[in-house]
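Enquirer: In the working numbering, the protein residues as written are -1 to 129. Cβ atoms here follow ideal geometry from the backbone N, Cα and C, with glycine treated the same way.
#1: For residue 42, which residues in the same chain have their Cβ closer than 6 angstroms to its Cβ, ignoring the five residues on either side in sequence?
#2: Please classify residue 93: is it buried, with 16 or more other beta-carbons within 10 angstroms of its beta-carbon, or exposed?
#3: Compare the beta carbon distance of residue 48 and residue 72 with 8 angstroms and say whether it is the shorter of the two.
#4: Does DSSP put residue 11 in a helix, in a strand, or in coil?
#5: With respect to the beta strand (DSSP E) encompassing residue 22, which residues constitute its N-terminal and C-terminal limits?
#6: With 16 other CB atoms within 10 Å as the buried threshold, where does residue 9 fall?
#7: Going by the beta-carbon positions, is the gap between residue 30 and residue 52 smaller than 8 angstroms?
#8: Provide the residue(s) that pair with residue 105 in DSSP beta bridges, ordered along the chain.
#9: Should residue 16 be labelled buried (16 or more other beta-carbon atoms within 10 Å of its own) or exposed?
Encoded structure:
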């Protein structure tokens, strides 16, 4: 379920066409929540502005069943890669997440900060080229 006005989304991992798995995903309050389990549940939370990269995969099986997987690379120490597996309307969800993440990064003024750690590696590369 997508509500673009309130920036909320929810779905669960699908098995074939049916959303009958026990993995649920939702975005609300500028956070992405992943809940797994049936009797004993576990929930992970990630602030949207901490997502650094969004990638999208749609295997042949996903194409047949109308699902896809979105992979989020984050700056979260406890969960650096989040996979939203086998979700419906995955291309649209990926585009929405990308837009909401960018809006959050701009609102929190964190645009560009992810590059600060890369400068030492770049200096080493340039020093190697000069030799």
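Expert: By the coordinates alone:
#1: Sequence index remark: in the chain shown, residue 42 carries index 44 (1-based). Correct list, in chain order: 32, 77.
#2: Taking the chain shown and counting its residues from 1, the one referred to as residue 93 is at position 95. The residue is exposed, with fewer than 16 neighbouring Cβ atoms inside 10 Å.
#3: In the chain shown, the residue the question calls residue 48 occupies position 50. In the chain shown, the residue the question calls residue 72 occupies position 74. Against a cut-off of 8 angstroms, the Cβ pair of residue 72 and residue 48 comes out as a contact.
#4: If you number the chain shown from 1, residue 11 lands on position 13. Coil at residue 11, not helix or strand.
#5: For the purposes of this step, residue 22 is taken as residue 24 along the chain shown, with counting starting at 1. It spans 21 to 26 - the beta strand (DSSP E) in which residue 22 sits, taken as one unbroken run.
#6: The residue given as residue 9 occupies position 11 in the chain shown. Buried, by the Cβ-count rule.
#7: Walking along the chain shown from the start, residue 30 turns up at place 32. Walking along the chain shown from the start, residue 52 turns up at place 54. No; because the gap between Cβ atoms is not below 8 angstroms, this pair is not in contact.
#8: Along the chain shown, one-based indexing puts residue 105 at 107. Bridge partners of residue 105: none, in fact.
#9: Numbered from its first residue, the chain shown carries residue 16 at position 18. Residue 16 is exposed by the Cβ-count criterion.
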